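S.K.: Numbering of the sequence shown is given in numbering that gives the first Met the number 0, commencing with residue 0 and proceeding in unit increments.
Ideal placement from N, C-alpha and C gives every residue a C-beta, glycine not left out.
Note that the coordinates shown come from a computational prediction; the quantities given were computed from them, not determined experimentally.
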Amino acid sequence: MAPDPSLSRRTLLSGAALAAATATLPGCAAGPGTAEAPRATGPILAARRGGGVPGPLAQRILLLVELHGGNDGLNTLVPIDQPAYRRLRPSIAIGAADTIGLGPAQGLHPELRPLADIFERGEMAIVNAVGYPNPNRSHFRSIEIWEQATDSDRYGDQGWITRAVAEHPILSRRTADADAIVVGDGTIGPLAGPAMRLVTLREPRQFLAQSEALGQVALRPDAPDSLRHVVRTQNEAVAAAAAVRRKLTARNRFGRGFAGDPFARTLAIAADLIADGVVIPTWKVTLGSFDTHADQPARHARLLERLAAGLAAFRGAMTDMGRWNDTLVVTYSEFGRRAAENASRGTDHGTAAPLFVLGGAVEGGILGEAPDLEALVDGDIRMATDFRSIYAGLIARWWDAPDNFLARHGHRPVPATRAATA
Numbered sequence: 000m001a002p003d004p005s006l007s008r009r010t011l012l013s014g015a016a017l018a019a020a021t022a023t024l025p026g027c028a029a030g031p032g033t034a035e036a037p038r039a040t041g042p043i044l045a046a047r048r049g050g051g052v053p054g055p056l057a058q059r060i061l062l063l064v065e066l067h068g069g070n071d072g073l074n075t076l077v078p079i080d081q082p083a084y085r086r087l088r089p090s091i092a093i094g095a096a097d098t099i100g101l102g103p104a105q106g107l108h109p110e111l112r113p114l115a116d117i118f119e120r121g122e123m124a125i126v127n128a129v130g131y132p133n134p135n136r137s138h139f140r141s142i143e144i145w146e147q148a149t150d151s152d153r154y155g156d157q158g159w160i161t162r163a164v165a166e167h168p169i170l171s172r173r174t175a176d177a178d179a180i181v182v183g184d185g186t187i188g189p190l191a192g193p194a195m196r197l198v199t200l201r202e203p204r205q206f207l208a209q210s211e212a213l214g215q216v217a218l219r220p221d222a223p224d225s226l227r228h229v230v231r232t233q234n235e236a237v238a239a240a241a242a243v244r245r246k247l248t249a250r251n252r253f254g255r256g257f258a259g260d261p262f263a264r265t266l267a268i269a270a271d272l273i274a275d276g277v278v279i280p281t282w283k284v285t286l287g288s289f290d291t292h293a294d295q296p297a298r299h300a301r302l303l304e305r306l307a308a309g310l311a312a313f314r315g316a317m318t319d320m321g322r323w324n325d326t327l328v329v330t331y332s333e334f335g336r337r338a339a340e341n342a343s344r345g346t347d348h349g350t351a352a353p354l355f356v357l358g359g360a361v362e363g364g365i366l367g368e369a370p371d372l373e374a375l376v377d378g379d380i381r382m383a384t385d386f387r388s389i390y391a392g393l394i395a396r397w398w399d400a401p402d403n404f405l406a407r408h409g410h411r412p413v414p415a416t417r418a419a420t421a
């Protein structure tokens, strides 16, 4: 069905619909032993509705895109109507006329034009001011918190995807070729843990050569349980690699539709694998480094250009395959940047920042109001939505598992996608 031309990305939901939509915006409800975190408030800015609905669970794809280094949210989604923005960033602020306007309050960085086009179709949601309580500004610790979905003062040993798969009534049966795959040079992060059947792949031909050499390990009957567990985990990984190898053709079907940078290459590889019929529910790629302490304008623009071009090309490939409604793309980064620029025309480690969700079945729009730059917390943006509420929503809706470990901990799910079929 063609989108209604009377709707535009500047049209606000009104009346009862606005009240209902606003009521569903989650922050993080208090979990056991935790203080209640701020809840997201304010309107959703309506976009054109794409109308897609994902197919059966077995064919759905979740693509995690790590923006490594800490992406600067204020120059990604610019608060164009706030004078404080230019006061805080006299030399690196993006001019309002240069942004891609999504409404009276915010505009996208000009290099994100391909994502703005996806937003216009109703296939992208932007969640404002995403973070977590008691933020940590260490790269290593903060990304660990995002990857494990723990409280900032608690340490875990498994990624949040690993935990979600292990307790899922269907995904835990391991009927896919593998549980997850990392394409490119990124870390395994949210996929960490011995229970995960994980494949890492940098280049298809290299993977074919290396996986051919892998073999199952046999155990003596008197082997101790600890060794049995290690070997069983290794053999499951070998079996997953073999399942991918059997389907992998190493054809470059979509290469010409992608740019030549490494990020685009990882997405092209992912698209080719999916076209080969590889069945894997979770994929991860990485783009970086967003650690823009100095000379931010040119560096950040280049990274955002690669992000937008790569994701737009990936959307095109998935659309050509008829799989875009079955695909959900989620960006994340360890933190945003400080509201004020530093003396090196850059920004230092901050806290909350916007998060993007893309797909044919996404409920498009902007969730929550633009962060108030007159109400900073120690120079940082005030968090409005806990990232774990977004994860809880992904597990609940995308994987049809509303009773998940994050929801049980009190994280109220963000409804970023349409309800799926069985």
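Is the CB-CB distance between Phe-334 and Ser-151 below 7 angstroms?
M.R.: Counting from 1 along the sequence shown, the entry for residue 334 is found at position 335. Counting from 1 along the sequence shown, the entry for residue 151 is found at position 152. No; because the gap between Cβ atoms is not below 7 angstroms, this pair is not in contact.
S.K.: Three Cβ pairs or more, each shorter than 8 angstroms: is that satisfied between the stretch 67-84 and the stretch 344-359?
M.R.: Enough Cβ pairs lie closer than 8 angstroms, so yes.
S.K.: Is the separation between the beta-carbon of Pro-134 and that of Ile-160 shorter than 7 angstroms?
M.R.: As a position in the sequence shown, residue 134 is number 135, starting the count at 1. As a position in the sequence shown, residue 160 is number 161, starting the count at 1. Not in contact: Pro-134 and Ile-160 (Cβ atoms no closer than 7 angstroms).
S.K.: At what residue ranges does the stretch 248-320 contain a whole run of the beta strand (DSSP E), taking only runs of 3 or more?
M.R.: Complete beta strand (DSSP E) runs here, min 3: 281-287.
S.K.: Got a sec? Which residues, its chain only, sit under 6 angstroms from His-67 by beta carbon, not counting five neighbours each side?
M.R.: Within the sequence shown, numbered from 1, the residue matching residue 67 stands at position 68. Only Thr-285, Gly-287 and Ser-288 meet the Cβ criterion.
S.K.: Report, in whole angstroms, the separation of the C-beta atoms of Gly-367 and Val-126, which I expect to be a contact under 8 angstroms.
M.R.: Numbered from its first residue, the sequence shown carries residue 367 at position 368. Numbered from its first residue, the sequence shown carries residue 126 at position 127. Right, the Cβ-Cβ distance comes to about 6 angstroms (below 8 angstroms), so this counts as a contact.
S.K.: If we ignore side chains and look at the alpha-carbon of each, how far apart do Leu-24 and Arg-396 end up?
M.R.: Here residue 24 refers to the residue found at position 25 of the sequence shown. Here residue 396 refers to the residue found at position 397 of the sequence shown. Confidence at Leu-24 is low in this model, with a pLDDT of 37, below 50, so the placement of that residue is unreliable and no value is reported for it.
S.K.: Can you give the Cα-Cα distance for Ser-171 and Phe-206, rounded to whole angstroms?
M.R.: On the sequence shown, residue 171 is found 172 positions in, with the first residue counted as 1. On the sequence shown, residue 206 is found 207 positions in, with the first residue counted as 1. So the alpha carbons of these two residues sit roughly 25 angstroms apart.
S.K.: Does the Cβ-Cβ distance between Leu-63 and Val-329 come in under 7 angstroms?
M.R.: Within the sequence shown, numbered from 1, the residue matching residue 63 stands at position 64. Within the sequence shown, numbered from 1, the residue matching residue 329 stands at position 330. Contact: yes.
S.K.: Using the three-state DSSP reduction, which class does Phe-139 fall into: helix, strand or coil?
M.R.: Looking up residue 139 in the sequence shown gives position 140. Phe-139 falls in the helix class under three-state DSSP.
S.K.: Give me, in chain order, the residues of the same chain whose beta-carbon lies closer than 7 angstroms to that of Ala-316; leave out the 5 immediate sequence neighbours on both sides.
M.R.: Position 317 of the sequence shown, counting from 1, holds the residue named residue 316. Cβ within range, chain order: Phe-253, Gly-256 and Ala-270.
S.K.: Determine the DSSP secondary structure at Pro-353, reduced to helix, strand or coil.
M.R.: The sequence position of residue 353 within the sequence shown is 354, counting from 1. Reduced to three states, the DSSP call for Pro-353 is strand.
S.K.: By the three-class DSSP mapping on this structure, what secondary structure does Tyr-331 have?
M.R.: As a position in the sequence shown, residue 331 is number 332, starting the count at 1. Tyr-331: strand per DSSP, three-state reduction.
S.K.: Pop quiz: His-348 and Gly-94 are said to be a contact at Cβ under 8 angstroms. What is the actual Cβ separation, rounded to whole angstroms?
M.R.: Here the question's residue 348 lines up with position 349 in the sequence shown. Here the question's residue 94 lines up with position 95 in the sequence shown. About 25 angstroms; that fails the 8 angstroms criterion.
S.K.: Taking Cβ to Cβ, would you say Ile-279 is nearer than 7 angstroms to Ala-177?
M.R.: The count along the sequence shown starts at 1 and reaches residue 279 at position 280. The count along the sequence shown starts at 1 and reaches residue 177 at position 178. Yes, the Cβ-Cβ distance between Ile-279 and Ala-177 is below 7 angstroms.
S.K.: Of the residues Asp-379, Phe-404, Ala-83 and Leu-393, which one's Cα is nearest the Cα of Pro-414?
M.R.: The sequence position of residue 414 within the sequence shown is 415, counting from 1. When each option's Cα is compared against that of Pro-414, the closest is Leu-393.
S.K.: Closer than 6 angstroms by C-beta to Arg-204: which residues in its own chain qualify, once you throw out the five before and the five after it? Chain order, please.
M.R.: In the sequence shown, residue 204 corresponds to position 205, counting from 1. Closer than 6 angstroms at the Cβ level, and outside the excluded window around Arg-204, lie Ala-249.
S.K.: Contact check, Leu-87 vs Glu-340 under 8 angstroms by CB: the rounded distance?
M.R.: One-based indexing of the sequence shown puts residue 87 at position 88. One-based indexing of the sequence shown puts residue 340 at position 341. Right, the Cβ-Cβ distance comes to about 7 angstroms (below 8 angstroms), so this counts as a contact.
S.K.: Bridge partners of Glu-65, per DSSP?
M.R.: Numbered from its first residue, the sequence shown carries residue 65 at position 66. In DSSP, Glu-65 forms a bridge with Thr-285 and Tyr-331.
S.K.: Exposed or buried, Phe-313, counting other C-beta atoms within 10 Å across all chains shown (16 or more means buried)?
M.R.: Against the sequence shown, residue 313 aligns to sequence position 314. Phe-313 is buried by the Cβ-count criterion.
S.K.: Near Ile-422, what residues of its chain come up, given a Cβ to Cβ distance below 7 angstroms and the 5 sequence neighbours on each side ignored?
M.R.: A query on residue 422 cannot be resolved here, the shown segment of the chain reaching from 0 to 421 and no further.
S.K.: Using the Cα positions of Glu-202 and Ala-194, report the straight-line distance between them to the nearest angstrom.
M.R.: Within the sequence shown, residue 202 is the residue found at index 203, counting from 1. Within the sequence shown, residue 194 is the residue found at index 195, counting from 1. Using only the alpha carbons, I get a separation of about 25 angstroms.
S.K.: Does Thr-98 come out as helix, strand or coil in the three-state DSSP assignment?
M.R.: Against the sequence shown, residue 98 aligns to sequence position 99. Correct three-state label for Thr-98: coil.
S.K.: If you draw a straight line from the C-alpha of Gly-185 to the C-alpha of Arg-264, how long is it?
M.R.: In the sequence shown, residue 185 corresponds to position 186, counting from 1. In the sequence shown, residue 264 corresponds to position 265, counting from 1. Approximately 13 angstroms, taken between the alpha carbons.
S.K.: Please report the residue range of the beta strand (DSSP E) in which Leu-405 lies.
M.R.: Within the sequence shown, residue 405 is the residue found at index 406, counting from 1. Counting along the chain, Leu-405 falls outside any beta strand (DSSP E), though it belongs to the alpha helix (DSSP H) covering 404-407.
S.K.: Starting from Ile-125 and walking both ways along the beta strand (DSSP E), at which residues does that stretch end?
M.R.: Here residue 125 refers to the residue found at position 126 of the sequence shown. Per DSSP, Ile-125 belongs to the beta strand (DSSP E) from 123-130.
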